[in-house]
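Everything below concerns the one structure shown next.
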Ligand code: DGL
């Protein structure tokens, strides 16, 4: 099984981490569009065009499956990418919605969705959750978290202040959807801020849950081959991959 993982930059490595932990694939090919990140402040047509260009990039690799790790791209460009590709293309939004459903027993649970401006404006998570009868939803764009994570600032005073800035007027959530590739790296700070009773939904774990339910994985791959590509400075991405993934 050969899988491609696409993200606007380095954040999608959090999804690769989950794929590696669950040993689902023999070969993982990662492409981060580091020259054009962030996507979260771009408009719909640009995000769709970049998504289709990523499909073209991956065509050289004859993939069995392409995972769109980027929430922003999953929210806007999934169907266009599915049309352009010659393998299944799977996004993190649907997987995240289903993982939230599986994590919650109460349809009145308060769910807070955080993501880039584009993801929150798309209302993609809300639409999916409303279809499953969850009505008690809050959504907040938290774009400052992206550069914090890119700087590898995962906790401390600036992080706490940014949490206060975004969250202090919101109702305390029962579940928090980390609707952006970067946010799992803030998970332990977010868990401390909201308390242990708030359930965190992580795109990487959600996609693994979705894949295991949807496809029949027969083999575990303990030593998968990994290749990392980037549209700018691939060496920097490979260094971060080494640190974050311990590979
Ligand atoms: N990868 C993006 C996402 O998950 C975050 C970074 C960006 O804005 O491109 O939405």
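Residue numbers (this note's numbering): 2 to 248.
Where is the CB? At the ideal position from N, CA and C, for every residue including glycine.
May I ask you to report which of helix, strand or coil DSSP gives residue 97? Here residue 97 is taken as the residue at index 96 of the chain shown, counted from 1. For residue 97, the three-state secondary structure derived from DSSP is helix.
So, at 8 Å on beta carbons, what are the nonlocal neighbours of residue 160 in its own chain, with the 5 sequence-adjacent residues on each side left out? Residue 160 sits at position 159 when you count from the first residue of the chain shown. Correct list, in chain order: 149, 154, 187, 190.
Return helix, strand or coil for residue 171, following the three-state DSSP convention. The residue labelled residue 171 in the question sits at position 170 within the chain shown. Three-state result, residue 171: coil.
For a test of your reading of the model: does the CB of residue 9 fall under 7 Å from any non-hydrogen atom of the ligand DGL? Yes or no. Here residue 9 refers to the residue found at position 8 when the chain shown is read from its first residue. Flag set: Cβ of residue 9 near the ligand DGL.
Every unbroken beta strand (DSSP E) within the stretch 82-131, with a cutoff of 3 residues, ordered by chain: If we require 3 residues or more, the beta strand (DSSP E) runs fully inside the stretch 82-131 come out as 90-92, 112-116.
Can you name the start and end residues of the beta strand (DSSP E) that residue 201 belongs to? Counted from its first residue, the chain shown places residue 201 at position 200. Annotation: the continuous beta strand (DSSP E) that includes residue 201 extends over 200-203.
Please give the ranges of any beta strand (DSSP E) in the stretch 4-48, keeping only runs that are unbroken, at least 3 residues long and fully inside the region. The stretch 4-48 contains these whole beta strand (DSSP E) runs: 28-33.
Could you name the residues of the same chain whose beta carbon sits closer than 8 Å to that of residue 42, not counting the 5 residues immediately before and after it, in chain order? Position 41 of the chain shown, counting from 1, holds the residue named residue 42. For residue 42, the CB contacts under 8 Å within the same chain, skipping 5 residues up- and downstream, are 117, 118, 119, 144 in chain order.
So, at 7 Å on beta carbons, what are the nonlocal neighbours of residue 180 in its own chain, with the 5 sequence-adjacent residues on each side left out? Working through the chain shown from its first residue, we reach residue 180 at position 179. For residue 180, where only same-chain residues beyond five positions count, the Cβ hits under 7 Å are 72, 97, 114, 115, 116, 120, 126.
Nearer than 7 Å: is that true of the beta carbon of residue 147 relative to any heavy atom of the ligand DGL? Within the chain shown, numbered from 1, the residue matching residue 147 stands at position 146. Yes, the Cβ of residue 147 comes within 7 Å of a heavy atom of the ligand DGL.
Contacting residues, own chain, Cβ-Cβ under 7 Å from residue 48 (five flanking each side not counted): Locating residue 48 in the chain shown gives position 47, counting from the first residue. Taking residue 48 as the centre and dropping the five residues before and after it, the same chain places the C-beta of 40, 73, 74, 77, 78, 119 closer than 7 Å to its C-beta, in chain order.
Taking Cβ to Cβ, would you say residue 246 is nearer than 8 Å to residue 29? As a position in the chain shown, residue 246 is number 245, starting the count at 1. As a position in the chain shown, residue 29 is number 28, starting the count at 1. Result no, Cβ atoms of residue 246 and residue 29 do not sit closer than 8 Å.
Please go through the same chain and pick out, in chain order, the residues whose beta-carbon is closer than 7 Å to the beta-carbon of residue 221, but skip the five residues on each side of it. Start at 1 with the first residue of the chain shown, and residue 221 comes out as number 220. Hits under 7 Å: 24.
Tell me where the beta strand (DSSP E) around residue 227 begins and ends. Start at 1 with the first residue of the chain shown, and residue 227 comes out as number 226. 226-231 is the extent of the beta strand (DSSP E) around residue 227.
Chain-order list of residues whose beta-carbon lies under 8 Å from that of residue 62 (same chain, five-residue window excluded): On the chain shown, residue 62 is found 61 positions in, with the first residue counted as 1. The residues are 3, 5, 30.
Looking at the strands, I want to know which residues DSSP matches up with residue 68. Taking the first residue of the chain shown as 1, we reach residue 68 at position 67. Answer is 6, 91.
Measuring alpha carbon to alpha carbon, tell me which residue in 218, 169, 214 is nearest residue 141. For the purposes of this step, residue 141 is identified with residue 140 of the chain shown, where counting begins at 1. Shortest Cα-Cα distance from residue 141 to any of 218, 169, 214 involves 169.
Considering only residues of the same chain and omitting the five flanking positions on each side of residue 232, which have a CB-CB separation below 7 Å? Here residue 232 refers to the residue found at position 231 of the chain shown. Hits under 7 Å: 34, 35, 36, 37.
Rounded to the nearest angstrom, what separates residue 103 and residue 91 at their Cα positions? Counting from one through the chain shown, the residue named residue 103 turns up at place 102. Counting from one through the chain shown, the residue named residue 91 turns up at place 90. Each residue's alpha carbon lies about 19 Å from the other.
Closest by C-alpha distance to residue 99, when choosing among 67, 85, 215: On the chain shown, position 98 is the one that residue 99 refers to. The shortest C-alpha to C-alpha distance from residue 99 to any of 67, 85, 215 is the one to 215.
Taking 7 Å as the limit between beta carbons, can you name the residues of its chain near residue 94, skipping five residues before and five after? The count along the chain shown starts at 1 and reaches residue 94 at position 93. Excluding residues within five positions, the ones whose Cβ falls inside 7 Å are 72, 75, 76, 125, 126, 129.
Excluding the 5 residues flanking residue 16 on each side, which residues of the same chain have their C-beta closer than 8 Å to its C-beta? Numbered from its first residue, the chain shown carries residue 16 at position 15. Excluding sequence neighbours, residue 16 sits near 6, 8, 68, 70, 93, 182, 204, 205, 208.
What whole-angstrom Cβ distance do residue 53 and residue 101 have, given they're in contact under 8 Å? On the chain shown, position 52 is the one that residue 53 refers to. On the chain shown, position 100 is the one that residue 101 refers to. Residue 53 to residue 101, Cβ: 28 Å. No contact.
By Cβ distance, which residues of its chain are closer than 8 Å to residue 26, with the 5 residues on each side in sequence left out? Indexing the chain shown from 1 puts residue 26 at position 25. Excluding positions up to five away in sequence, the list reads 2, 3, 4, 20, 222, 225.
At a cut-off of 7 Å, is residue 194 close to the ligand DGL when judged by its beta-carbon and the heavy atoms of the ligand? By one-based count along the chain shown, residue 194 stands at place 193. Not under cutoff, so the answer is no.
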